[in-house]
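Engineer: Before anything else, here's the structure in question.
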Amino acid sequence: MLDLSKLIEGKNLTEAEEKVLRYIIDHIDDVTKMGVRTIAKNNYTSTSTIMRLTKKLGYAGFVDMYYRLLPLVKSAESGEYENTDFINSFFSNSLLQNYNYQQLKEFAKVLYQENEKFIFIYATGFSAIIAEYIYKKLLVLGKKCILASGMDSVGVFENNLDYIGCLLVVSRSGETKQVLDKVKTAKENNIFTISFTNDTESSINKLADIKLKVEDSNKLDDRNMLPNTFFPSLLMIVEVLVYEYHKILLKETKDNRQ
Numbered sequence: 033m034l035d036l037s038k039l040i041e042g043k044n045l046t047e048a049e050e051k052v053l054r055y056i057i058d059h060i061d062d063v064t065k066m067g068v069r070t071i072a073k074n075n076y077t078s079t080s081t082i083m084r085l086t087k088k089l090g091y092a093g094f095v096d097m098y099y100r101l102l103p104l105v106k107s108a109e110s111g112e113y114e115n116t117d118f119i120n121s122f123f124s125n126s127l128l129q130n131y132n133y134q135q136l137k138e139f140a141k142v143l144y145q146e147n148e149k150f151i152f153i154y155a156t157g158f159s160a161i162i163a164e165y166i167y168k169k170l171l172v173l174g175k176k177c178i179l180a181s182g183m184d185s186v187g188v189f190e191n192n193l194d195y196i197g198c199l200l201v202v203s204r205s206g207e208t209k210q211v212l213d214k215v216k217t218a219k220e221n222n223i224f225t226i227s228f229t230n231d232t233e234s235s236i237n238k239l240a241d242i243k244l245k246v247e248d249s250n251k252l253d254d255r256n257m258l259p260n261t262f263f264p265s266l267l268m269i270v271e272v273l274v275y276e277y278h279k280i281l282l283k284e285t286k287d288n289r290q
């Protein structure tokens, strides 16, 4: 059953609006056939109550609310987090090759298991912008992270080696010296390493434990002056990582309940 508490928190719903919301969730497979008038009638209320409910929850209208609630209800019923259309869209756009997908699944497992030590995220130049996004994305997942770039002292990494569980680096070319040096130090200290580059045969990828290749339409444009697919593709791949992480979380929650 879907937990309504987070969905309605801070929305100031009336008792009648909460009742209607619960009714819609309990009859999610039939509400579009019923329509707003029938739902209102079955709950002894008016259609305006349902319209106010959609607005309070931040939806554009009844139909928008239905399509936004449907996947939440279905995932809660099955105890699983699965959306094949989401993954297929990545494969169809060549963002994910099967090798990359398997590597992302492994990364999600590492991410789930790493709770004691820090995840050290490092990148330079334009890649540092993406690294900051990854950093904040992992923070909201409750992961302990340290973010550093070429502007930071080498000591930020080397003086904290005992507290680092894994190193995550972003280097478009896979050859950036400052990044490569961090990866070498990590390997010397048995720190698990994950890399995002545009070349699986790069020096950084050859050392990394999990190596993710990101499509790049202009590999030779090292100044990032031309349009490229590397950075937007990387951001989308990070969302697949989060998707896989949540699948693990939900599976563990389901197993613990049994």
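Taking the working numbering, the leading residue of the sequence shown gets 33, the next gets one more, and so forth.
Glycine included, each C-beta is placed from N, C-alpha and C at the ideal position.
Note that this is a predicted model, so its numbers are computed, not measured.
Between the stretch 203-210 and the stretch 164-176, do three or more beta carbon pairs fall short of 8 Å?
Structural biologist: No: the two stretches stay apart, fewer than three of their Cβ pairs being nearer than 8 Å.
Engineer: Quick check on the burial criterion: 16 or more other C-beta atoms within 10 angstroms. Buried or exposed for Leu101?
Structural biologist: As a first step, residue 101 is located in the sequence shown; it is residue number 69 there, counting from the start. The residue in question, Leu101, is buried, as its Cβ has 16 or more Cβ neighbours within 10 Å.
Engineer: With DSSP as the reference, label Thr81 as helix, strand or coil.
Structural biologist: For this step, residue 81 is matched to residue 49 along the sequence shown. If DSSP states are grouped into helix, strand and coil, Thr81 belongs with the helices.
Engineer: Excluding sequence positions up to five away, which residues of its chain have a Cβ less than 6 Å from the Cβ of Tyr275?
Structural biologist: Locating residue 275 in the sequence shown gives position 243, where the first residue counts as 1. Same-chain partners within the cutoff: there are none.
Engineer: What did DSSP end up calling Glu41 once you bin it into helix, strand or coil?
Structural biologist: On the sequence shown, position 9 is the one that residue 41 refers to. Coil at Glu41, not helix or strand.
Engineer: When burial is assigned at 16 or more other CB atoms within 10 Å of the CB, is Ser227 buried or exposed?
Structural biologist: As a first step, residue 227 must be located in the sequence shown, where it is residue number 195. Counting Cβ neighbours within 10 Å, Ser227 comes out buried, since at least 16 surround it.
Engineer: How many angstroms separate the CA atom of Lys65 from the CA atom of Ser80?
Structural biologist: To locate residue 65, count along the sequence shown from 1; it is residue 33. To locate residue 80, count along the sequence shown from 1; it is residue 48. Each residue's alpha carbon lies about 19 Å from the other.
Engineer: Tell me whether the beta-carbon of Leu244 lies closer than 8 Å to the beta-carbon of Asn75.
Structural biologist: Taking the first residue of the sequence shown as 1, we reach residue 244 at position 212. Taking the first residue of the sequence shown as 1, we reach residue 75 at position 43. No; because the gap between Cβ atoms is not below 8 Å, this pair is not in contact.
Engineer: So what's Thr217 in DSSP terms, helix, strand or just coil?
Structural biologist: Taking the sequence shown and counting its residues from 1, the one referred to as residue 217 is at position 185. Looking at Thr217 - three-state DSSP - the assignment turns out to be helix.
Engineer: Thr70 by DSSP, collapsed to three states: which one?
Structural biologist: As a working mapping, residue 70 is identified with position 38 in the sequence shown. Note: Thr70 maps to helix in three-state DSSP.
Engineer: Under three-state DSSP, which class holds Ala163?
Structural biologist: The residue given as residue 163 occupies position 131 in the sequence shown. Of the three classes helix, strand and coil, the one that applies to Ala163 here is helix, per DSSP.
Engineer: Tell me whether the stretch 242-262 and the stretch 180-187 touch, counting them as touching only if at least three CB pairs, one residue from each stretch, are closer than 8 Å.
Structural biologist: Not touching, per the Cβ criterion.
Engineer: As an exercise, report each continuous beta strand (DSSP E) stretch of at least 3 residues that is fully enclosed by the stretch 186-216, in chain order.
Structural biologist: Here the runs fully enclosed are 196-202.
Engineer: Do Lys163 and Leu143 have their CB atoms nearer than 8 Å?
Structural biologist: Here residue 163 refers to the residue found at position 131 when the sequence shown is read from its first residue. Here residue 143 refers to the residue found at position 111 when the sequence shown is read from its first residue. The sequence shown places Ala at residue 163, rather than the Lys named in the question. It is not a contact, given that the beta carbons lie outside the stated cut-off.
Engineer: Just tell me which of Ser37, Glu50 and Lys137 has its CA closest to the CA of Tyr277.
Structural biologist: What you label residue 277 is simply residue 245 of the sequence shown in a count that begins at 1. Nearest of Ser37, Glu50 and Lys137 to Tyr277, Cα basis: Lys137.
Engineer: For the alpha helix (DSSP H) containing Ser235, name the first residue and the last one.
Structural biologist: Your numbering for residue 235 matches position 203 in the sequence shown. Unbroken alpha helix (DSSP H) run through Ser235: Ser235 to Leu239.
Engineer: Going by beta-carbon coordinates alone, are Val95 and Ile82 separated by less than 8 Å?
Structural biologist: The sequence position of residue 95 within the sequence shown is 63, counting from 1. The sequence position of residue 82 within the sequence shown is 50, counting from 1. Not closer than 8 Å, so no.
Engineer: Out of curiosity, what's the CA-to-CA distance linking Ile60 and Arg54?
Structural biologist: Position 28 of the sequence shown, counting from 1, holds the residue named residue 60. Position 22 of the sequence shown, counting from 1, holds the residue named residue 54. Approximately 10 Å, taken between the alpha carbons.
Engineer: If you measure between the beta carbons of Arg255 and Thr229, is that distance less than 8 Å?
Structural biologist: Within the sequence shown, numbered from 1, the residue matching residue 255 stands at position 223. Within the sequence shown, numbered from 1, the residue matching residue 229 stands at position 197. No, the Cβ-Cβ distance between Arg255 and Thr229 is not below 8 Å.
Engineer: Leaving out five residues on either side along the sequence, give the residues of the same chain with a beta carbon under 8 Å from the beta carbon of Leu85.
Structural biologist: Counting from 1 along the sequence shown, the entry for residue 85 is found at position 53. Contacts found: Leu45, Glu49, Val52, Leu53 and Met97.
Engineer: Smallest Cα separation from Tyr154: which of Lys169, Asp194 and Lys214?
Structural biologist: As a first step, residue 154 is located in the sequence shown; it is residue number 122 there, counting from the start. Looking at the Cα atoms, Lys214 is the closest of the given residues.
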